[in-house]
Amino acid sequence: KSSIAPIAKARNIAINLAKYDVIAVTDFGCTFDKKWLYNLTKPLFENKDIDVVGGFYKALAKSKFEEKYAEVWFPEIEEINPKNFLPSSRNIAFRKICWKKVGGYPEYTYAAEDTYFDIVMKKNGCKIKFEPKALNYKLREVSNLIDVFNEHFMYGEGDGYLRIFLLKFFIRWILMLMPINILFNRKKRKRFIIAYVISLSTQLGYLKGLFKYLIERFKYVFKL
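72 is the number of the first residue of the sequence shown in the working numbering; add one for each residue after it.
In structure tokens:
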């Protein structure tokens with residue numbers, strides 16, 4: 072997150088300046104498997120029907136707490152359903168024409184821009200492929216539950232402002248009272264407090280983002 076401009080704006084500027092038809096995107100703080108870029112872009116060069124490729128990622132943990140957090144937050148490869156997979160922009164490649172078709176990443180939010188970007192590309196007919204061999208590692212600097220809360224509050228705020236997964240947002244409030252989604256998940260049950268803080272902070276952040284969007288729409292409609 073930058074105080075000057077959202078990450079999305081920097082991504083869009085770089086992609087616009089790129090001379091090539093295939094774009095690979097990652098995040099600061101990531102390290103890569105030796106064949107990461109090759110495996111990430113290979114499907115795009117071999118199959119013209121594929122427009123977007125998303126790779127798999129794991130956490131780089133420096134402490135016991137970060138290991139516990141990663142256990143809850145980072146999915147196992149078996150948990151990913153390729154049919155509804157939405158790549159994180161820490162590990163994605165796509166055809167530049169798709170980026171142009173959807174108008175690039177949304178620049179009016181500091182979080183959730185990559186999820187929104189994926190959803191809009193999918194709605195516009197861009198075919199997404201999950202490539203588990205394209206592996207990178209992300210450093211998660213979370214030292215305590217406050218760090219976890221702040222990080223996921225920001226994620227939730229981005230989702231709320233963009234109205235992503237609005238139905239799920241309401242369903243999750245029920246799960247806050249009866250957290251069966253945590254209790255029936257072995258990993259999350261083992262780290263119940265971390266899992267619950269992630270869920271709570273995301274919901275509260277979503278509320279803030281949604282409220283911010285509604286206020287802006289109200290001012291726009293009534294020209295305030």
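Cβ atoms here follow ideal geometry from the backbone N, Cα and C, with glycine treated the same way.
Helix, strand or coil: which one does DSSP assign to residue i?
i, result
"K72", "Note on K72: pLDDT 46, under 50, position unreliable in the model; the coordinate value appears next. Residue state, collapsed to three classes: coil."
"R260", "helix"
"T273", "helix"
"L206", "strand"
"V213", "coil"
"L236", "Inspection of the sequence shows that residue 236 is occupied by Phe rather than by Leu. Reduced to three states, the DSSP call for F236 is coil."
"D218", "helix"
"K294", "coil"
"F289", "helix"
"F255", "coil"
"A266", "helix"
"A81", "helix"
"M249", "coil"
"G229", "helix"
Should residue i and residue j be called a contact, given that it needs their Cβ atoms to be closer than 7 Å?
i, j, result
"R166", "C101", "no"
"G276", "E202", "no"
"D122", "C197", "yes"
"L206", "D104", "yes"
"R232", "T180", "Per the sequence shown, the amino acid found at residue 232 is Tyr instead of Arg. Yes; because the gap between Cβ atoms is below 7 Å, this pair is in contact."
"R82", "Y226", "no"
"A79", "E184", "yes"
"I86", "W170", "yes"
"R211", "A95", "no"
"K49", "P114", "Here the chain comprises residues numbered 72 to 295, so residue 49 is not present and cannot be evaluated."
"L111", "V124", "yes"
"R260", "K139", "no"
"K209", "Y128", "yes"
"L157", "D189", "yes"
"T186", "I242", "no"
According to DSSP, which residues form a beta bridge with residue i?
i, result
"I199", "V123"
"V93", "R166"
Check the Cβ-Cβ distances between residue i and every residue of chain C, and say whether any is below 7 Å.
i, result
"F136", "The structure shown contains no chain C, having only a single protein chain."
With a floor of 3 residues, list each beta strand (DSSP E) that falls wholly inside the stretch 95-181, ordered by position along the chain. Every beta strand (DSSP E) of 3 residues or more that sits fully in the stretch 95-181 is shown, in chain order, as 101-103, 123-131 and 162-166.
Under 8 Å, with one C-beta from each stretch per pair, do the stretch 262-278 and the stretch 211-220 reach the 3-pair mark? yes
Should the stretch 140-152 be regarded as contacting the stretch 187-195, the criterion being three or more beta carbon pairs within less than 8 Å? no
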